[in-house]
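Asks: This note's numbering numbers the first residue of the sequence shown as 92 and each following residue consecutively. From the three backbone atoms N, C-alpha and C, an ideal C-beta is built for every residue, glycine too. Here the structure is a predicted model, which is why all the values come from computation and not from measurement. Please read through the structure below; I'll follow up with questions.
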Amino acid sequence: MAVETEIIEVAPAAGTKDSYVDWPAIFGGIVLAVALGLVMLTFGSAIGLSLVNFSAAPDVSPIWVAIAAGTWLLWVEVSCAMAGGYLTGRMRKRLHDATEHESDVRDGAHGLLVWAGATIVAVIVTLSGLGAAANTVGSAVATVTDAASNVAGGAADNATAYFTDALFRPVAPAGGAAAGAAASPTPPAAVGTAVNIADARGEAARILAQSAATGSMSDEDKAYLAQVVAGTTGMPQADAQARVDQVLANVQAAKDQAAAVAETARKTSVLAAFLTAASFLVAAAGAYWAASMGGRHRDEGTVFTDVFRRY
């Protein structure tokens with residue numbers, strides 16, 4: 092008696108298809124990239140701290156220090172992203188429903204996800220470190236807030252105090268230090284004009300502050316300031332005028348130097364931001380390429396006999 096066998100084809104249930112994104116492989120690549128980056132940055136910091144001689148800082152060009160630090164950071168970022176991308180590409184489960192080119196694209200996409208995840212983790216760690224540092228110095232800042240508030244009102248006056256002192260420096264005696272020591276004590280008249288001298292210094296400080304804010308001093312203020320200096324120091328009018336001109340030149344030189352420092356800091360910040368963004372893009376490209384290469388080695392069954400060897 093013949094037995095009839097009926098073959099029934101069961102269609103796969105909807106939603107049972109595996110995802111194209113292999114998250115375990117991606118997480119593994121992120122862990123490798125972050126851990127390797129931590130080790131390499133720590134090693135680089137140790138080398139830098141052991142090689143830098145802080146007493147010889149004037150002999151070291153800041154440009155070369157910046158180039159060396161930037162090159163090392165770029166190398167660390169790119170190499171870690173490539174290592175994590177290669178691991179992900181090698182460990183990713185391939186779904187044999189696409190061409191070789193599509194499989195390579197999927198492998199590279201996994202490398203980009205590794206790069207993105209490692210970058211996010213690095214940013215979180217950096218922000219956490221900055222937050223901890225801010226909390227550490229927060230108490231110290233709080234302890235000096237009251238003292239700082241007491242002197243904050245006089246900060247603008249202190250900025251011109253040095254130049255005000257330069258205006259009212261007394262004229263050295265002709266006989267030098269010995270003659271000054273042998274000279275008679277300060278006459279009572281000079282003591283009686285101490286308040287006038289203090290008023291003159293305050294007015295001169297305000298004139299200097301105004302000229303520093305506006306960028307120039309009127310001829311009337313120059314002439315008046317020279318008269319005040321001549322009257323309080325006893326020097327001739329011509330010498331007082333020369334002193335006023337010299338102090339104004341020093342004020343302008345200080346302003347120019349401060350502006351140059353601020354401009355250098357601005358340019359350095361812009362360059363650092365540009366190089367950081369460029370390094371991120373290079374690391375992303377490296378992660379994509381390394382993941383594609385890892386997927387190709389996975390498909391071809393590449394064995395690195397010189398590295399992985401049974402003993």
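1) In this structure, does DSSP put VAL112 in helix, strand or coil?
2) Mind the definition here: the segment 185-205 touches the segment 161-168 only if three or more C-beta pairs lie below 8 angstroms; say whether that holds.
3) Go through its chain and collect everything with a Cβ distance to PRO103's Cβ below 8 angstroms, but skip five positions before and after it.
4) Could you name each continuous alpha helix (DSSP H) segment of 4 residues or more that falls completely within the segment 162-226, going from the start of the chain to the end?
5) Are ARG181 and GLY385 close, meaning C-beta to C-beta below 8 angstroms?
6) Going by other Cβ atoms of all chains shown within 10 Å of its Cβ, with 16 needed for buried, is GLY325 buried or exposed?
7) Taking the Cβ atom as the reference point for each residue, do ALA317 and GLN328 lie within a distance shorter than 8 angstroms?
8) Using a Cβ-Cβ cut-off of 7 angstroms (strictly less than) and excluding sequence neighbours within five positions of ILE117, which residues of its own chain qualify?
9) Give me the Cα-Cα distance between ASN241 and GLY293, rounded to the nearest whole angstrom.
10) Less than 8 angstroms between the C-beta atoms of LYS313 and VAL338, yes or no?
11) Return the chain-ordered ranges of every alpha helix (DSSP H) run that is complete within the segment 291-328 and spans a minimum of 4 residues.
12) If you count every other CB in all the chains shown that lies within 10 Å of the CB of GLY306, and 16 or more means buried, which is it?
13) For ALA189, which residues of its own chain have a beta-carbon under 8 angstroms away from its beta-carbon, when the five flanking residues on both sides are left out?
14) Once DSSP output is grouped into helix, strand and coil, what is the label at VAL373?
15) Enumerate in chain order the residues of its own chain whose CB-to-CB distance from SER302 is below 6 angstroms, with the five nearest sequence positions on each side excluded.
16) Looking at LEU123: is its Cβ nearer than 8 angstroms to the Cβ of ALA174?
17) Cα separation between GLU354 and ASP310?
18) Would you report the Cα separation of LYS184 and VAL212, rounded to the nearest angstrom?
19) Using a Cβ-based criterion (distance less than 7 angstroms to any ligand heavy atom), does ILE288 qualify as near the ligand HEM?
20) So what's ALA281 in DSSP terms, helix, strand or just coil?
Replies: Looking at the atomic coordinates:
1) Residue state, collapsed to three classes: coil.
2) No, the segment 185-205 is not in contact with the segment 161-168.
3) Only weak support is given to the placement of PRO103: the predicted model assigns it a pLDDT of 47, under 50, and the question is left unresolved by the model.
4) If we require 4 residues or more, the segment 162-226 turns out to have no alpha helix (DSSP H) run fully inside it.
5) Yes, they are a contact pair.
6) GLY325 counts as exposed, since fewer than 16 other beta carbons sit within 10 angstroms of its beta carbon.
7) In this structure, GLN328 lies closer than 8 angstroms to ALA317 by Cβ.
8) If we look at ILE117 and ignore the five residues flanking it on each side, its Cβ neighbours are THR179, HIS201, LEU204, VAL205 and GLY208.
9) Because the pLDDT of ASN241 is 44, which lies under 50, any placement of that residue in the model is unreliable, and the number read from its coordinates should be weighed accordingly. When rounded, the distance between both Cα atoms is 19 angstroms.
10) Going by C-beta atoms, LYS313 is not nearer than 8 angstroms to VAL338.
11) Whole alpha helix (DSSP H) segments, 4+ residues: 310-324.
12) Note on GLY306: under 16 other CB atoms within 10 angstroms of its CB, so exposed under the neighbour-count rule.
13) Scanning its chain for C-beta atoms nearer than 8 angstroms, with the 5 sequence neighbours on each side dropped, one finds around ALA189 the residues ARG197, in chain order.
14) Looking at VAL373 - three-state DSSP - the assignment turns out to be helix.
15) Result list for SER302: MET308, in chain order.
16) The answer is yes: Cβ separation under 8 angstroms.
17) Rounded to the nearest angstrom, the two C-alpha atoms are 31 angstroms apart.
18) Looking at the two C-alpha atoms, the distance is approximately 24 angstroms.
19) Ligands displayed in this structure: none; no statement on the ligand HEM is therefore possible.
20) Unreliable positioning characterises ALA281 in this predicted model, as indicated by a pLDDT of 39, which lies under 50. The coordinate reading is nonetheless provided below. Three-state result, ALA281: helix.
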